[in-house]
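A short worksheet on the structure shown next.
2 protein chains.
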Amino acid sequence: MLSERKKKILCAVVDGYIERANPISSKEIMQTALPDCSSATIRNELSALESMGYLHQPHVSAGRVPSQKAFRIYVDELMNYERLSDEETNLIVKYLTHQVDSVEEMVERVAKVLSEITHLPALVMKEDNLDIITSIKLLDLDNGKALVVIVTDCRILKDSFVDLPEHFTSNMLKSAQDWLNKIFVGKHISDFLNYDFPFELVNEQFGDFNKFFKRIVDTLKRESLTHSLHLSTVGENKIFEHVEYKDSQKAKQFLDTVEQKELICDLLFCDQEGTTVKIDKEDSVLEGCSVVKSNVVLGENISGSIGVIGPVRMNYRRVVAVVDKISKILNYVINNKR
Amino acid sequence: MLSERKKKILCAVVDGYIERANPISSKEIMQTALPDCSSATIRNELSALESMGYLHQPHVSAGRVPSQKAFRIYVDELMNYERLSDEETNLIVKYLTHQVDSVEEMVERVAKVLSEITHLPALVMKEDNLDIITSIKLLDLDNGKALVVIVTDCRILKDSFVDLPEHFTSNMLKSAQDWLNKIFVGKHISDFLNYDFPFELVNEQFGDFNKFFKRIVDTLKRESLTHSLHLSTVGENKIFEHVEYKDSQKAKQFLDTVEQKELICDLLFCDQEGTTVKIDKEDSVLEGCSVVKSNVVLGENISGSIGVIGPVRMNYRRVVAVVDKISKILNYVINNKR
DNA sequence: AGTTAGCACTCAAACCAAAAGAGTGCTAAC
DNA sequence: GTTAGCACTCTTTTGGTTTGAGTGCTAACT
Chain D
0 MLSERKKKIL CAVVDGYIER ANPISSKEIM QTALPDCSSA TIRNELSALE SMGYLHQPHV
60 SAGRVPSQKA FRIYVDELMN YERLSDEETN LIVKYLTHQV DSVEEMVERV AKVLSEITHL
120 PALVMKEDNL DIITSIKLLD LDNGKALVVI VTDCRILKDS FVDLPEHFTS NMLKSAQDWL
180 NKIFVGKHIS DFLNYDFPFE LVNEQFGDFN KFFKRIVDTL KRESLTHSLH LSTVGENKIF
240 EHVEYKDSQK AKQFLDTVEQ KELICDLLFC DQEGTTVKID KEDSVLEGCS VVKSNVVLGE
300 NISGSIGVIG PVRMNYRRVV AVVDKISKIL NYVINNKR
Chain E
0 MLSERKKKIL CAVVDGYIER ANPISSKEIM QTALPDCSSA TIRNELSALE SMGYLHQPHV
60 SAGRVPSQKA FRIYVDELMN YERLSDEETN LIVKYLTHQV DSVEEMVERV AKVLSEITHL
120 PALVMKEDNL DIITSIKLLD LDNGKALVVI VTDCRILKDS FVDLPEHFTS NMLKSAQDWL
180 NKIFVGKHIS DFLNYDFPFE LVNEQFGDFN KFFKRIVDTL KRESLTHSLH LSTVGENKIF
240 EHVEYKDSQK AKQFLDTVEQ KELICDLLFC DQEGTTVKID KEDSVLEGCS VVKSNVVLGE
300 NISGSIGVIG PVRMNYRRVV AVVDKISKIL NYVINNKR
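Chains D and E, in that order, give the protein sequences. Residue numbers for the first sequence follow numbering that gives the first Met the number 0, beginning at 0 and rising by one. Residue numbers for the second sequence follow numbering that gives the first Met the number 0, beginning at 0 and rising by one.
Spelled out as structure tokens, the structure:
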């Protein structure tokens, strides 16, 4: 357990480092946080904090730099949370309550506002697995093809084409549609994946059109697989505003990481309530990065996460406040719209 | 008009500069391109080429660097075109003839292969304006909403939702569909934009459901507007492989430029046959960038462009060969599939 | 025992001057 | 017209010195 003074000093180091990105000296801490102590006293404390693993020195005559462990305790215990100003909150509300037509558009808007306010790349993940199928439509396109439309409870559609077999009448298409609906309505999209195709049943009812049905189910399977998690990232270029990416190789590494959708999804995927902060290699190979995220309930069966990603040295006070606020507004907006 | 020797020297400068990204000296040219001349002779020629605007020196004791004008003449007259190896061509063919289900997937594949082979960000633009409407479907979703589907001749669909008015029966939806088809089938998507809505006609046939029709047409208008040009960019991070973007501010500037879709579309949009090269500020505010592009015919009424964007100092011999080859393969693949 | 003034010490960064090296332009001879 | 030769320029490298920030330690003080 840290003494109050150690906490104060550690907090000052992290605050200072977040603001100015250079090592923090004992003198600086004295001036900003502990005017009643001498720099020598602070040096002793710093030395102690260093041997506890919270700080390190780039070289002997430099100030102290917080370690990953320091950021962790800073986020969890030390920092005081920022409250967004009313103007800012109102601006966000206004932006997010604007009439939108689709989930995609909403995602777009959320990501945009997150990224703009935090000056960091924004991540918005939507989990479609939990979508419940409302109905399946087979639409005759009059050119030997049919359009397969899946309607789900969160207005998301998965559509694709399928060639109709020869001698397949409009009526047969209708019964095929009814058949599919009977089986799948009320189920989750993800149920397609584990669905064993009942060849015999089809044979019985539709003669030899097994291949056609198989194709439809395969299409749906593929769709559900590729769309089960949808991640959008917006504002990647914002990282260039931060000094840790002045070297373009660092920037490249960061951008490459962000492009690994599965990795980012893993990071965003966690059940924890409220806004959480993941720092550096606690969770993955995100060297030098942190993620601030919050879950959002998009409906009874749909969930998602929103968040931002950036250097470990980010302004957590502000970023956590923003992510938290936006997720709350989002929950509010969505639930009041239904 | 340049003498043969001047051409040879200029070509050597550009080749060398493309390869090594540093100023080229007279001695170097002597060794690589003109072993029969002395370096002094070459120096005289270089001096002449400089005063003609093809070259410049970073400082007095440095070699020569080609100007934008030099790159222009290099691409147009000096360089010898590379022929892709058969293995490489086969690889591309194999990759592009792989079974795909949608235009989007094809675009994805083309962009991917372009970007991987050239080590540059790839641009693929598809012009939907020329799509001809094959049919319009209004699909009752049983929850007070209808799905609007537009089928066009290039298999592209534009779909969106519209709320049904109260007391709107299934039969009325059917007649509404017939009515829309009568008006719009055979026309271009872009025709929606200029379409004046005939309130009286609707009133006559459908009573007071003007609002409903207006909403449908508005939706279609918006869709056709936002989707009229579709640009996808893939492999933006490839620019980090090039020294001109070692400074991350340069990289940022580049990435910001590439994100300006309209600007890139303008660049890609030109009728010229074959593969064309646009260099730096000839065409726009693309500071330090070049675009190599080629038009692709995707069908009778659909056109698109593929290309790459990168630093002016790019390997034109190879890049032009690749873009040219891929566009030809693409034309072949598409036309043989129909 | 905790705090602090004082001081020696370390090390990065800034500065400066000299040397090396690359490449040119010019001149005079071929 | 071509070229050898040379003086000249300017960047890059090298190495040494200075500066300054910041520490750790010690000894004195509360």
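Where a beta carbon is used, it is the ideal one built from N, C-alpha and C, also for glycine.
Kindly say whether residue 140 of chain D, judged by its beta-carbon, lies nearer than 8 Å to any beta-carbon of chain E. In the first sequence, residue 140 of chain D corresponds to position 141, counting from 1. For residue 140 of chain D, the answer is yes, since a Cβ of chain E falls inside 8 Å of its Cβ.
Measure the beta-carbon distance from residue 310 of chain D to residue 229 of chain D and round it to whole angstroms, keeping in mind my assumption that it falls under 8 Å. Indexing the first sequence from 1 puts residue 310 of chain D at position 311. Indexing the first sequence from 1 puts residue 229 of chain D at position 230. No, residue 310 of chain D and residue 229 of chain D are not in contact; Cβ-Cβ is about 26 Å, not under 8 Å.
Determine whether the Cβ of residue 244 of chain E lies closer than 8 Å to any Cβ atom of chain D. As a first step, residue 244 of chain E is located in the second sequence; it is residue number 245 there, counting from the start. Using beta-carbon distances, residue 244 of chain E counts as an interface residue toward chain D, with a partner under 8 Å.
Run through the stretch 253 to 291 of chain E for me and flag every whole beta strand (DSSP E) of 3 or more residues, listed as ranges in chain order. 274 to 278
Would you mind telling me which residues of chain E sit closer than 8 Å to residue 180 of chain D, beta carbon to beta carbon, in chain order? The residue labelled residue 180 of chain D in the question sits at position 181 within the first sequence. Per Cβ cutoff of 8 Å: no residues; residue 180 of chain D is ~11 Å from chain E at best.
Given residue 177 of chain E as reference, the closest of E:187, E:133, E:57 once Cα atoms are compared: As a working note, residue 177 of chain E is residue 178 in the second sequence. When each option's Cα is compared against that of residue 177 of chain E, the closest is E:133.
Using three-state DSSP, classify residue 184 of chain E as helix, strand or coil. On the second sequence, residue 184 of chain E is found 185 positions in, with the first residue counted as 1. Three-state result, residue 184 of chain E: coil.
Going along chain E, which residues have a C-beta under 8 Å from residue 134 of chain D? Translated into positions along the first sequence, residue 134 of chain D becomes position 135. Going along chain E in sequence order, the residues near residue 134 of chain D (Cβ under 8 Å) are 140, 141.
I'd like the list of long-range same chain contacts for residue 54 of chain D, defined as Cβ closer than 7 Å, with 5 residues on each side in sequence excluded. Indexing the first sequence from 1 puts residue 54 of chain D at position 55. Same-chain partners within the cutoff: 12, 45, 48, 63, 64, 65, 66, 69.
Beta carbon proximity, residue 231 of chain D to chain E, threshold 8 Å: As a working mapping, residue 231 of chain D is identified with position 232 in the first sequence. Cβ-Cβ to chain E under 8 Å: no for residue 231 of chain D.
Quick one: using the 10 Å Cβ neighbour count with 16 as the cut-off for buried, is residue 351 of chain E buried or exposed? Residue numbering for chain E in the displayed model covers 0 to 337; residue 351 of chain E lies beyond these limits and cannot be assessed.
Note down, in chain order, each residue of its chain lying with its Cβ closer than 6 Å to the Cβ of residue 321 of chain D, except the 5 sequence neighbours on either side. Here residue 321 of chain D corresponds to residue number 322 of the first sequence, with the count starting at 1. Cβ within range, chain order: 116, 117.
Does residue 7 of chain E come out as helix, strand or coil in the three-state DSSP assignment? Your numbering for residue 7 of chain E matches position 8 in the second sequence. Looking at residue 7 of chain E - three-state DSSP - the assignment turns out to be helix.
Return the chain-ordered list of same chain residues with a C-beta closer than 6 Å to the C-beta of residue 279 of chain D, the five sequence neighbours on each side being excluded. Position 280 of the first sequence holds residue 279 of chain D. Excluding residues within five positions, the ones whose Cβ falls inside 6 Å are 67, 311.
Looking at the secondary structure, which residues open and close the alpha helix (DSSP H) in which residue 40 of chain E lies? Here residue 40 of chain E is taken as the residue at index 41 of the second sequence, counted from 1. From DSSP, the alpha helix (DSSP H) with residue 40 of chain E extends over 38 to 50.
Verify whether the separation of the beta carbon atoms of residue 338 of chain D and residue 296 of chain D is less than 8 Å. The structure shown does not extend to residue 338 of chain D, since chain D is modelled only from 0 through 337, so no value can be given for it.
In chain order, what residues of the same chain lie with their CB nearer than 8 Å to the CB of residue 339 of chain E, ignoring the 5 residues before and after it? What is shown of chain E runs 0 to 337, which leaves residue 339 of chain E out entirely.
Which residues mark the beginning and the end of the beta strand (DSSP E) in which residue 106 of chain D is found? Against the first sequence, residue 106 of chain D aligns to sequence position 107. Following the DSSP letters along the chain, one finds residue 106 of chain D in no beta strand (DSSP E) but inside the alpha helix (DSSP H) bounded by residues 102 to 117.
Taking residue 77 of chain E as the query, report the chain D residues whose CB atoms sit under 9 Å from its CB, ordered along the chain. Locating residue 77 of chain E in the second sequence gives position 78, where the first residue counts as 1. Those do not exist, as residue 77 of chain E stays about 31 Å from chain D at its closest Cβ, beyond 9 Å.
Using only the alpha-carbon positions, how far apart do residue 261 of chain E and residue 149 of chain D sit? On the second sequence, position 262 is the one that residue 261 of chain E refers to. On the first sequence, position 150 is the one that residue 149 of chain D refers to. Looking at the two C-alpha atoms, the distance is approximately 33 Å.
Bounding residues of the alpha helix (DSSP H) (the contiguous stretch that carries residue 86 of chain E): Your numbering for residue 86 of chain E matches position 87 in the second sequence. It spans 85 to 95 - the alpha helix (DSSP H) in which residue 86 of chain E sits, taken as one unbroken run.
Measure from the alpha carbon of residue 90 of chain D to the alpha carbon of each residue in D:142, D:328, D:268, D:76, then state which is nearest. Counting from one through the first sequence, the residue named residue 90 of chain D turns up at place 91. For residue 90 of chain D, the closest C-alpha among the options D:142, D:328, D:268, D:76 is that of D:328.
What would DSSP say about residue 63 of chain E, mapped onto helix, strand or coil? Here residue 63 of chain E corresponds to residue number 64 of the second sequence, with the count starting at 1. Three-state DSSP puts residue 63 of chain E in a strand.
Using only CA atoms, which one of E:24, E:86, E:92, E:265 lies nearest to residue 61 of chain E? Translated into positions along the second sequence, residue 61 of chain E becomes position 62. Cα-wise, what sits closest to residue 61 of chain E is E:24.
Between residue 351 of chain E and chain D, is the shortest Cβ-Cβ distance under 8 Å, so that the two count as touching? Since the first residue of chain E shown is 0 and the last is 337, residue 351 of chain E is not available in this structure.
Helix or strand or just coil, what does DSSP make of residue 309 of chain D? In the first sequence, the residue the question calls residue 309 of chain D occupies position 310. In the structure shown, residue 309 of chain D sits in a strand (DSSP, three-state: E or B).
Counting along the chain, where does the beta strand (DSSP E) carrying residue 201 of chain E start and finish? By 1-based counting over the second sequence, the position of residue 201 of chain E is 202. Premise fails: residue 201 of chain E lies in the alpha helix (DSSP H), 198 to 205, not in any beta strand (DSSP E).
If we count the other Cβ atoms within 10 Å of its Cβ and call it buried at 16 or more, is residue 218 of chain E buried or exposed? Taking the first residue of the second sequence as position 1, residue 218 of chain E is located at position 219. Classified as buried, residue 218 of chain E has 16 or more neighbouring CB atoms from the shown chains inside 10 Å of its CB.
Contact set for residue 198 of chain D: own chain, Cβ-Cβ below 6 Å, skip 5 residues either direction: For this step, residue 198 of chain D is matched to residue 199 along the first sequence. Only 209 meet the Cβ criterion.
Taking DSSP as the reference, what is the three-state secondary structure of residue 145 of chain E? Position 146 of the second sequence, counted from the start, is the residue given in the question as residue 145 of chain E. In the structure shown, residue 145 of chain E sits in a strand (DSSP, three-state: E or B).
Quick check on residue 18 of chain D: does DSSP put it in helix, strand or coil? Here residue 18 of chain D is taken as the residue at index 19 of the first sequence, counted from 1. Looking at residue 18 of chain D - three-state DSSP - the assignment turns out to be helix.
Assuming residue 99 of chain D and residue 105 of chain D are in contact, meaning their beta carbons sit under 8 Å apart, how far apart are those beta carbons, in whole angstroms? Taking the first residue of the first sequence as position 1, residue 99 of chain D is located at position 100. Taking the first residue of the first sequence as position 1, residue 105 of chain D is located at position 106. That belief holds up - the Cβ atoms of residue 99 of chain D and residue 105 of chain D are roughly 5 Å apart, short of 8 Å.
Indicate the three-state DSSP secondary structure (helix, strand or coil) for residue 150 of chain E in the structure shown. Counting from one through the second sequence, the residue named residue 150 of chain E turns up at place 151. Three-state DSSP puts residue 150 of chain E in a strand.
What would DSSP say about residue 126 of chain D, mapped onto helix, strand or coil? The residue you call residue 126 of chain D lines up with position 127 of the first sequence. Residue state, collapsed to three classes: strand.
Do the stretch 137 to 146 of chain D and the stretch 162 to 181 of chain D meet, that is, are 3 or more Cβ pairs less than 8 Å apart? yes
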